[in-house]
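Each residue of the sequence shown is one higher than the one before, starting from -11 at the first, in my numbering.
Beta carbons are placed, not taken as given, at the ideal position from N, Cα and C, and that holds for glycine.
All values derive from a computational prediction rather than experimental measurement.
Heads up, the thing below is written out as structure tokens.
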Amino acid sequence: MAISLDHTIVPATDKQKSAQFLATILGLEASPQWGPFVPVRVGRLALDYADTQLLGGSGAPVPRHHYAFLVSEPEFDEIFARIRDAGIAFYAEPHEPRRPGEINYDRGGRTVYFDDPDGHVMEVLTHSSA
């Protein structure tokens, strides 16, 4: 049997808002709430958004996670247009210097980063840098 990742839990202060944010930017749909989760299916993987209280959160800020999405060139254009149209700040590097307002072309394709409502770093790229 080939092993594949089926789902992961994404902590959020407002699971519905965060799931809808990502789904809208990526051109996907947030599924109806299932148990305590709001899933966003990305290919065969589900990102299950959960309120931090479910995960034992204490009201402290949500720890930042990083999620990267490999997309085609046309999908990148569509996603990047939605990022710009929504007025979402974007940047070219996840570390200093972040290069705000830029796209990264340094790895043989295009990469852009932006933050979700809880500060998770979202990455959209058109190639694998491996």
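Close Cβ partners of residue i (< 6 Å) along its chain, the five nearest in sequence each way excluded
i: valine -2; result: Leu35, Tyr37
i: proline 27; result: Ser19, Ala34, Asp36
i: glutamine 8; result: Ala18
Residue i versus residue j - alpha carbon distance
i: glutamate 66; j: proline 49; result: 31 Å
i: methionine -11; j: alanine 69; result: 39 Å
i: arginine 95; j: tyrosine 101; result: 14 Å
i: valine 112; j: aspartate 73; result: 16 Å
i: aspartate 39; j: phenylalanine 57; result: 22 Å
i: glutamate 63; j: histidine 83; result: 25 Å
i: glycine 107; j: glycine 15; result: 20 Å
i: proline 105; j: tyrosine 79; result: 16 Å
i: isoleucine 91; j: tyrosine 55; result: 17 Å
i: arginine 32; j: proline 88; result: 32 Å
i: valine 109; j: tryptophan 22; result: 25 Å
i: alanine 11; j: glutamate 17; result: 5 Å
For residue i, three-class secondary structure by DSSP
i: aspartate 73; result: helix
i: glutamate 81; result: coil
i: alanine -10; result: coil
i: proline 62; result: helix
Where residue i falls, given that 16 or more other Cβ within 10 Å makes a residue buried
i: serine -8; result: exposed
i: arginine 98; result: buried
i: alanine 77; result: exposed
i: serine 60; result: exposed
i: threonine 114; result: buried
beta-carbon residue i near the ligand SAH non-hydrogen atom, thresh 7 Å
i: phenylalanine 25; result: The ligand content of the structure shown is nil, which means the ligand SAH is not present either.
7 Å Cβ shell around residue i - same chain, five flanking residues per side excluded
i: alanine 118; result: At alanine 118 the pLDDT is 48, less than 50, meaning the model places this residue with poor confidence and gives no usable figure here.
Min CB distance residue i to chain C below 8 Å
i: asparagine 92; result: Among the chains of the structure shown, chain C does not appear; only one protein chain is present.
Residues of its chain near residue i, where Cβ-Cβ distance is below 8 Å and the 5 sequence neighbours each way are ignored
i: glutamate 81; result: Arg87, Asn92, Tyr101
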